[in-house]
Amino acid sequence: MNTVVEAKNLSFQYDTVPLLKDVNFRIYEGDFMGIVGPNGSAKSTLVKLLLGILKPQQGTIFLMGQPIEVFQQWNEIGYISQRVRSFNASFPATVEEIIAANLYHEMGFLKFLRKKHHEEIERVLEVVDMGDYKKRLIGTLSGGQQQRIFIARTLISNPKIIFMDEPLVGVDVASQEKFYTLMEKLNKQLGITLIMVSHDLGVITEHTSRVACVGNQQVFVHSSKTFNEEQYIKSVYGEKTKLLLHRH
1 MNTVVEAKNL SFQYDTVPLL KDVNFRIYEG DFMGIVGPNG SAKSTLVKLL LGILKPQQGT
61 IFLMGQPIEV FQQWNEIGYI SQRVRSFNAS FPATVEEIIA ANLYHEMGFL KFLRKKHHEE
121 IERVLEVVDM GDYKKRLIGT LSGGQQQRIF IARTLISNPK IIFMDEPLVG VDVASQEKFY
181 TLMEKLNKQL GITLIMVSHD LGVITEHTSR VACVGNQQVF VHSSKTFNEE QYIKSVYGEK
241 TKLLLHRH
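If you use UniProt numbering, the sequence shown corresponds to residues 1 to 248, in order.
As structure tokens, this is what we get:
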């Protein structure tokens, strides 16, 4: 399997507080990797390091075989942050305009959408099953619908890898099921490698192929099929912790 993301001897701290120490792991082409861990365990920090948003004190990150310092193919990397839906609901932008923002560098001097751009927008909206929403205002959509629009905006660049940081916060249960169905489509049919931070340990292990457990300054990667959820929770929170099932 081809390695598309690799961390070697990665260490990071905020001021004098160490968050990650001598971390080593790989993400392979075609993975659907879930990143889990307790609050404050550096899940989001890890994603920002892998994207070059933060710089480690020690260690090296490789993207598609290249050190991140010289990596240039950023159009092949998608990122959906926690704050992507934190905007004024009355913001007067249509779905089409939101997606077109990722085509800005292709529009030419006058910044007009051409026929090929409209076709690409329609293509990605069909992928996320939102083809009838092109002219709708983004603020009128539900949280789950907005999430799919921002996924479509990421898809417009034809990424090979998509990072997502807690994409289901504030999204209802029905929309979460549709989200995971879409993730399977992107991963299995379109061949996109997915890396997703989640606080919902039980659900994400049912849908991902591998799980990266972040805690105690370390990252341990497991196959989702063999991952022992109860053992992991006890190792993080203590042996007396009880696992309460709340799967939807």
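Where is the CB? At the ideal position from N, CA and C, for every residue including glycine. All values derive from a computational prediction rather than experimental measurement.
Determine the burial state of T154: buried for a count of at least 16 other Cβ atoms within 10 Å of its Cβ, exposed for fewer.
Burial call: buried.
Mark T45 as exposed unless 16 or more other C-beta atoms lie within 10 angstroms of its C-beta, in which case mark it buried.
Label assigned to T45: buried.
Can you name, in chain order, every residue of its own chain whose Cβ lies under 6 Å from the Cβ of R26, other than the five neighbours on each side?
T3 and E6, listed in sequence order.
Check the C-beta distance from P92 over to L137 and give it rounded, since I have them as a contact under 8 Å.
Between L137 and P92 the Cβ distance is about 7 Å, and since that is below 8 Å, they are a contact.
Please report how far the alpha carbon of S11 lies from the alpha carbon of V203, in whole angstroms.
Those two C-alpha atoms are separated by around 29 Å.
Can you tell me whether S175 is helix, strand or coil according to DSSP?
In this structure, S175 counts as helix in the three-state DSSP scheme.
When you compare each of T205, E119, T181 and A101 to F227 by their alpha carbons, which one comes out closest?
When each option's Cα is compared against that of F227, the closest is T205.
Which same chain residues, not among the five before or five after V84, have their C-beta less than 6 Å away from its C-beta?
Answer for V84: F150, listed in chain order.
Figure out for me which residue from K48, K160, T140 and K135 has the closest Cα to the Cα of Q73.
Ranking K48, K160, T140 and K135 by Cα distance to Q73 puts K160 first.
Runs of 4 residues minimum, wholly inside the region 157-206: which ones carry the alpha helix (DSSP H) assignment?
Correct list: 173-184.
To the nearest whole angstrom, what separates the beta carbons of P56 and L49, a pair I think is in contact under 8 Å?
Correct: roughly 6 Å between the Cβ atoms.
Going by DSSP in three states, L63 sits in which element: helix, strand or coil?
Strand at L63.
Which of helix, strand or coil does DSSP assign to V70?
It is coil, neither helix nor strand.
Look at the Cβ atom of I156, then the Cβ atom of I192, and state whether they are nearer than 9 Å.
Contact: no.
Just checking, does the region 162-174 make contact with the region 192-201 on the three C-beta pairs under 8 Å criterion?
Yes, the region 162-174 is in contact with the region 192-201.
Do L20 and Q218 have their C-beta atoms closer together than 9 Å?
Going by C-beta atoms, L20 is nearer than 9 Å to Q218.
With burial defined as no fewer than 16 other Cβ atoms inside 10 Å of the residue's Cβ, what is the status of G108: buried or exposed?
The predicted position of G108 is uncertain, since its pLDDT is 46 and thus under 50; no value can be drawn from it.
If you draw a straight line from the alpha carbon of L110 to that of T16, how long is it in whole angstroms?
Any reading at L110 is ruled out, since the residue's pLDDT is 43, under 50, leaving its predicted position unreliable.
For D31, is the classification buried or exposed, using 16 other Cβ atoms within 10 angstroms of its Cβ as the cut-off for buried?
Flag for D31 reads buried.
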